[in-house]
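The block underneath contains the structure these notes are about, expressed in structure tokens.
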Amino acid sequence: MVDSRWVLHLDMDAFFASVEQLTRPTLRGRPVLVGGLGGRGVVAGASYESRVFGARSAMPMHQARRLIGVTAVVLPPRGVVYGVASRRVFDTVRAMVPVVEQLSFDEAFGEPPELVGASATDVEQFCAELRRRVLDETGLVASVGAGSGKQIAKIGSGLAKPDGIQVIRRDDEKRLLDGLAVRKLWGIGPVAEEKLHRLGIDTIGQLAALSEAEVANILGATIGPALHRLARGIDDRPVAERAEAKQISAESTFAADLTTLEELREAIAPIAEHAHQRLCRDGRGARTVTVKLKKSDMSTLTRSATLPYATTDAAALAALARRLLLDPHQIGPIRLLGVGFSGLSGVRQESLFPDLELAMSDADLGTDTAHPGPDAAVPRALDAEDWRVGDDVIHRDLGHGWVQGAGHGVLTVRFETRGSGPGPARTFPSGTDDITRANPVDSLDWPEYVAGIAETTSEQAGDDVAQR
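One point on numbering: in full-length UniProt numbering, the residue at position 150 of the sequence shown is 150, and numbering is uninterrupted.
Right, dumping it as structure tokens:
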């Protein structure tokens, strides 16, 4: 019976920033921002220490940095690390919850069969054990909400944050829903919210009080009735494993057609960044970048290029997208621009020499496969200016570390991992041979777990080949 079900929503607390603080112990307790570092950069993740200042995800990075001030620590995303951490989190969850509907890197639904008909107290104890296991196994903190369906469970996890549990009893559901802003309802976006506000409908309770016909007239015959059911607390949607997407993309239609290559290059940056954020949430890397160009006559052109490995490196993917653009002077005005990532797979390490991909010439795009030139096999020694804050490195004596600062002929590295505790910082002269790029995953210091993933991935690949 639906009345006896309990759905859980597990949401990792400030996941991207928490993984950075986990693997770089000197950052614990400090205001950490993860996201784009350029002028158009957007915050992908903010630690709770950052949120005290008003910083939050999806905020322009320059605004978040201004709110926090000089104490802000700004790091580029390391999707490969978040992917491995996410996998271990949900491997742990699946040991207790057989079916997990994972929505992203950091959140998922579950419906444990042993909780059917359980009391709220029993559900709370189950959630506490689930959180404890995730923390013990990964060092990361999760908040969990529980209720009669997905909607209530997700609202519960939001109320539980940070680092808590919120079990919403049946008798409390209507009172809770009725008082919430209508935007809190699953499926209500800014456009629908504005429509409802214009009609004086500001809360979920006010939406629930309308007739189904009225809601259908306002929000549409397809989505309106479904949202009306959710507003009334009726949510019988099943929890089921999700199929993995084959492509992740973002696009934008312009108010006025773009007529120059310079305009296209400026427009593609935020679109590529939006697509990259979705890629990071997905937890996989991409090999192929596709640019979609819809002209003013509604015809569509697409161009693609493929790297020799899957990556989550935002700079390399965005640079490849820029090189795929065509000049509107040659093909005509552009009304829509999109960026897509495909060839998705779990990645075990980032490019060890991303500067090589960024230096690819337009001639490399003569076929559908872009690749480093012949010099790639013998990379030059890297100057301090070639490094960026947050890069993972390794020293032959001091071990794994990350770049804290670079420039003016010197490179400062903090040597630490999840397992080391706060480590020492050392400064090296530009072009030192003692420092080389490292696999970011090593900062998690989970050698046995990572080896297990690699073995599983290899077995799956072998199965795929056998099936062909």
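Here a beta-carbon is modelled for each residue, glycine too, at the ideal position from N, C-alpha and C.
This one's a predicted model, so the numbers in the text were calculated from it and none came from an experiment.
DSSP three-state assignment for residue i, whether helix, strand or coil
i, result
"residue 104", "coil"
"residue 394", "strand"
"residue 374", "Here residue 374 scores only 32 on pLDDT, less than 50, and its place in the model should not be relied on; the value that follows carries that caveat. Correct three-state label for residue 374: helix."
"residue 225", "helix"
"residue 274", "helix"
"residue 445", "coil"
"residue 360", "Residue confidence is low: residue 360 scores 38 on pLDDT, short of 50, so the model does not pin down where it sits. No coordinate-derived value is stated."
"residue 313", "coil"
"residue 218", "helix"
"residue 19", "helix"
"residue 298", "coil"
"residue 197", "helix"
"residue 37", "coil"
"residue 57", "coil"
"residue 168", "coil"
"residue 427", "strand"
"residue 131", "helix"
"residue 154", "helix"
"residue 244", "coil"
"residue 254", "strand"
"residue 83", "helix"
Nearest residue (CA-CA) to residue i, options the options
i, options, result
"residue 155", "15, 430, 108", "108"
"residue 244", "288, 419, 342, 206", "342"
"residue 404", "420, 330, 390", "390"
"residue 120", "148, 100, 49, 217", "148"
"residue 113", "106, 123, 105", "123"
"residue 65", "78, 51, 77", "51"
"residue 164", "275, 177, 175, 127", "127"
"residue 453", "345, 41, 161, 424", "345"
"residue 252", "295, 288, 211, 227", "295"
"residue 172", "186, 162, 153", "153"
"residue 256", "59, 334, 38", "334"
"residue 36", "89, 59, 177, 199", "59"
"residue 161", "302, 48, 451, 394", "48"
"residue 288", "168, 237, 320, 441", "320"
"residue 237", "201, 186, 293", "186"
Cβ-based burial, residue i [other Cβ within 10 Å; buried from 16]
i, result
"residue 266", "exposed"
"residue 373", "Any answer about residue 373 is weak, because its pLDDT of 33 lies below 50 and its placement is not dependable; what the coordinates show is given next. By the 10 Å Cβ count, residue 373 comes out exposed."
"residue 166", "buried"
"residue 433", "exposed"
"residue 305", "buried"
"residue 222", "exposed"
"residue 290", "buried"
"residue 197", "exposed"
"residue 247", "exposed"
"residue 100", "buried"
"residue 314", "buried"
"residue 491", "This structure does not reach residue 491, given that the chain is present from 1 up to 468, and the question cannot be answered."
"residue 77", "buried"
"residue 401", "buried"
"residue 299", "exposed"
"residue 242", "exposed"
Expected contact under 8 Å - CB spacing of residue i and residue j to nearest Å
i, j, result
"residue 392", "residue 443", "6 Å"
"residue 83", "residue 283", "4 Å"
"residue 448", "residue 25", "Residue 448 to residue 25, Cβ: 21 Å. No contact."
"residue 140", "residue 22", "6 Å"
"residue 13", "residue 143", "6 Å"
"residue 18", "residue 117", "Contact doesn't hold; Cβ gap of about 35 Å is too wide."
"residue 204", "residue 180", "5 Å"
"residue 85", "residue 138", "6 Å"
"residue 81", "residue 61", "No, residue 81 and residue 61 are not in contact; Cβ-Cβ is about 20 Å, not under 8 Å."
"residue 30", "residue 73", "6 Å"
"residue 40", "residue 270", "6 Å"
"residue 212", "residue 225", "5 Å"
"residue 106", "residue 15", "4 Å"
Contact check, residue i vs residue j, beta carbons under 8 Å
i, j, result
"residue 312", "residue 337", "no"
"residue 272", "residue 310", "no"
"residue 399", "residue 429", "no"
"residue 268", "residue 322", "yes"
"residue 340", "residue 297", "no"
"residue 158", "residue 239", "no"
"residue 230", "residue 151", "yes"
"residue 97", "residue 134", "no"
"residue 145", "residue 9", "yes"
"residue 67", "residue 20", "no"
"residue 258", "residue 325", "no"
"residue 421", "residue 414", "no"
"residue 276", "residue 307", "no"
"residue 436", "residue 425", "no"
"residue 79", "residue 174", "no"
"residue 418", "residue 445", "yes"
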